[in-house]
Amino acid sequence: QWANKVLEKDARLYEELDVRMFDFGEGLQLFFLNAEISQHYEYEIQKIYPQGLVVAYSNGMIGYVSDENQITEGGYEPKGSGIYFALTGTYNKKIEKDIITGIKKMKGV
Numbered sequence: 542q543w544a545n546k547v548l549e550k551d552a553r554l555y556e557e558l559d560v561r562m563f564d565f566g567e568g569l570q571l572f573f574l575n576a577e578i579s580q581h582y583e584y585e586i587q588k589i590y591p592q593g594l595v596v597a598y599s600n601g602m603i604g605y606v607s608d609e610n611q612i613t614e615g616g617y618e619p620k621g622s623g624i625y626f627a628l629t630g631t632y633n634k635k636i637e638k639d640i641i642t643g644i645k646k647m648k649g650v
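Counting the sequence shown from 1 gives a position; my numbering is that position plus 541.
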């Protein structure tokens, strides 16, 4: 089943994280992501947007996105959960930096 699902996705070696922000002004920003993410990302987002809240599982679901530390340590989420989302492997450790850089660009930082 996993192989068939991977082939349905053209065996691509990447997934696209869709991040959308709804900004209510100084009081609240909602970030909608098409993934389940490590709590570490919400912490990092709140350093940039103190009132920012993450809404996972929005606009689809690409799987669990681990942070760099989780990927280094291994375990179920970074290593084992990908099979349920037809991923071809584990995300690269640099994904954390890429995601945070993208969030900063949304604010113009």
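Just so it is clear, CB atoms sit at the ideal spot from N, CA and C, and this is done for glycine as well.
Inter-residue distance for Glu549 and Lys634 is about 26 Å (C-alpha atoms, whole angstroms). By the criterion of at least three beta-carbon pairs nearer than 8 Å, the region 582-602 is not in contact with the region 615-622. In this structure, DSSP gives Phe573 an extended state, which the three-state scheme calls strand.
Assignment of beta-bridge partners to Arg561 by DSSP yields Phe573. Leu594: member of the beta strand (DSSP E) spanning 593-596, first to last residue.
Approximately 5 Å separates the beta-carbon atoms of Glu583 and Val595; this is inside 8 Å, confirming the contact.
Here Glu577 is actually not in contact with Asp608; their C-beta atoms are around 12 Å apart, not less than 8 Å.
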